[in-house]
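Encoded as structure tokens, the structure appears first; notes follow it.
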Ligand code: UDP
Ligand code: LCN
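Numbering (full-length UniProt numbering), first residue to last: 1 to 805.
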């Protein structure tokens, strides 16, 4: 019996046996008279059941009934039926309904449940002959391997390696022949690599490997390929096995071992060395992508920081690997974004911009075209760009091919728009596709699917969610920064998981959107640039010339212009926060908690780097509202001598030194967001040894081990968060080693898990394994591709056209 069925059966059994108790609990909930209930509403209702209410001596709260109801993510009432979507475990769902009179419990199918939600959302009765498109990917993936355990989610490549080694070499298949063919396809600009056609079968390959190993055993380990080529070439080997005799022998021995009896580790190690990554295209279409003066503009934040750091780390890794393989090839990385002619003093109007800190990576900017063929001159919000992307993908294809002189070996999409363009390009060029979401919008907004219609003119989620579903299913692999991004926590739904089943009434119903048990998901977390974010004790690398500038900015300069507030007691430790001034970042929330907490105000001063102090400087409606709110809070609580608000955007080197400035004074960092998809500032702060308090909703929950390498705070309970921070400062005052312990643990945590070098190593290994997987299993997946094309052509394109008209 599946876990889902087990839970439903237990519920049925309880209800049958304890009808009055069931009736009482349901009556308690439904008396709230709500059509839809969120998990939090249900939990509140369940917790308000009086403690004296018991069943067979057990408090009602502990019964199977209440425990099962606590698993509901949503509930809704339709006449006498009470519907529940139960998340019985991480990423495992069951849908049930309970009849409020007869107390019948029935498990219902996903589509029945979704249909009921549609009916309730639209406020219609059962509609005769109602036909709605159902999107269902399950039939296409039935044949594929899926993981079963929730703890395997996000470790797709390990699972795949195990499967691959057994599938390829189980003695029945022709795995070794496929491997031979795979080794023969590698070329670089017409130059054959690895094997030439002197080796025609597996027996020949084994024989050649043995003879080559014999030759190599007589050579000095450092002998270079160029000196060995005359001996190895006649056996059928080409350049690519290693720079010198030692490395070549190691790789050849590894292959012989694999042909004898493969293990997943060996296979991974071997594939990781195959020279197949020479050029990578990274897509981030929505623009303001540059290296100076672009961060802090609408829509640009961590994604740009992430990509620029990613490129530097990837290029280093690609160069190292190629050098190790004995290939004198300069790898190419091209970041593609849009060219914005009205660039407002930034470099966004330049076609090409070399990326600082790399040998040859570059930003390539391609303009958006209007329907009449003219170039669109201005920035466009990420919610509005759908009509431009198809044409953009064709223009990019041409420009990238010209720039690289060949197809890229890997295409990486970023965010919904980049992942859609990556899909179109990868399908046309037949290149491995990797997706990175950064933030999926669906979970950020309450009922963004069920009540999509209400906000579609503004957000165009009908386009965005359709594009997301298409891109997720098209990708060969998806990397995420955390586990929760894929499958949440025991209590909360993952960002990808929320695309498993949902409905957009009147548009379509998704019964199997994306399966988080698919091995395409891999957690590969980013890092913080170690040249910028390092601990204060690393004095040689510090930038002392910035010290007086920071001192002036934080303490001495008179308020006015971009600054509000000046500390009356500058000797107190600093509580620091830095983020874009979006509502969800909750910087205003933090100011309010601070204002309301006598204790916190007593212990520390608050420094905020966010938005603009002058609302006239903001061109963004949401930011403007937050700025006004911030002024109101500072007025209301009289915060001018305890809060320093710096309404400016800081350059990276400067902010690195600012984190250390705060650490020098035994301060702390706080990330108070209502939800944070990952949270680069959290690892930046931790990398500089700052004790960090960060939201428990989203990535920071995984980054920080609460109480050990930092602290979690609940943004919905600001008073508790303020108390936690105040107690920490008070404890540090009494015992300064408290600060050092947390600081050391923060440094250790990021060093172990969040570094760009580890990221680049994983990404390069993954791209080879998924490339190989695609090759040997013929993972073109024609059926899925055709289905995706239909969705694109018949669903997304009309939506986009409607939006443009
Ligand atoms: N940032 C910055 N200067 C600022 C504000 C932010 O350099 O004045 C950087 C910050 O250091 C971090 C990024 O912007 O690298 C924000 O990324 P995060 O993941 O925290 O949030 P996002 O803005 O992507 O939602
Ligand atoms: C977008 C976000 O919202 C952040 O949480 C991430 O850290 C950033 O992108 C980089 O992935």
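From the three backbone atoms N, C-alpha and C, an ideal C-beta is built for every residue, glycine too.
In this structure, residue 168 lies near residue 776, with their beta-carbon atoms less than 8 Å apart.
Under a 10 Å Cβ-count criterion, residue 350 is classified as exposed, with fewer than 16 other Cβ atoms of the shown protein chains found around its own Cβ. If the five residues before and after residue 379 are omitted, its C-beta is found closer than 7 Å to the C-beta atoms of 287, 288, 340, all from its own chain and listed in chain order. Inclusion of residue 555 and residue 570 in the CB contact set at 8 Å is warranted, their separation being smaller than that value. Relative to the ligand LCN, residue 438 has its C-beta within less than 7 Å of a heavy atom. For residue 144 and residue 770, the gap between their C-alpha atoms comes out near 14 Å. Contact annotation: residue 591 and residue 648 have beta-carbon atoms that are not nearer than 8 Å.
Look at residue 116 here: in three-state DSSP terms it is helix.
Looking from the CA of residue 13, the closest CA among 36, 98, 74 belongs to 98. The three-state reading of DSSP puts residue 732 in helix, counting H, G and I together.
The shortest CA-to-CA distance from residue 66 to any of 547, 80, 48 is the one to 48. Counting the other CB atoms within 10 Å of its CB gives residue 747 a total of 16 or more, which places it among the buried residues. Around the beta carbon of residue 375, fewer than 16 other beta carbons lie within 10 angstroms, which makes this residue exposed. For the set 275, 470, 263, 261, the Cα lying nearest the Cα of residue 241 is the one of 275. For the ligand LCN, no non-hydrogen atom lies closer than 7 Å to the CB of residue 138. Runs of the beta strand (DSSP E) spanning 3 or more residues and lying entirely within the region 676–719 occur at 692–695, 711–713, in chain order. It is roughly 15 Å from the alpha-carbon of residue 178 to the alpha-carbon of residue 768. Per the Cβ contact rule, the region 149–156 is not in contact with the region 748–759 (fewer than 3 Cβ pairs under 8 Å). Checking the DSSP bridge columns, you'll see residue 606 partnered with 575, 643. By DSSP's assignment, residue 81 forms a beta bridge with 78, 99.
Relative to residue 610, the option among 63, 369, 296, 284 whose CA is nearest is 296. Nearest to residue 325 by C-alpha distance, out of 564, 246, 118, 498, is 246. DSSP places residue 192 in the strand class (E or B) of the three-state scheme. Comparing C-alpha distances from residue 38 to each of 493, 431, 392, 123 shows the shortest one belongs to 493. Excluding its 5 nearest sequence neighbours in each direction, residue 175 has C-beta neighbours in its own chain below 6 Å: 168, 169, listed in chain order.
In this model, residue 525 and residue 160 are separated by some 19 Å (Cα to Cα). In this structure, residue 670 lies away from residue 645, with their beta-carbon atoms at least 8 Å apart. Excluding residues up to 5 positions away in sequence, 244 lie with their Cβ nearer than 6 Å to the Cβ of residue 224 in the same chain.
Looking only at 118, 583, 795, the smallest Cα-Cα distance to residue 623 is reached by 583.
If you keep only unbroken beta strand (DSSP E) runs of at least 3 residues inside the region 131–191, you get 133–136. Residue pairing for residue 671: DSSP places it in a beta bridge opposite 694. Residue 790 sits exposed, since fewer than 16 C-beta atoms from the chains shown fall within 10 Å of its C-beta. The C-beta of residue 660 has 16 or more other C-beta atoms within 10 Å across all chains shown, which makes the residue buried.
Residue 232 carries a helical assignment under DSSP once its states are collapsed to helix, strand and coil. The region 211–226 makes no contact with the region 258–271; the number of CB pairs closer than 8 Å stays below 3.
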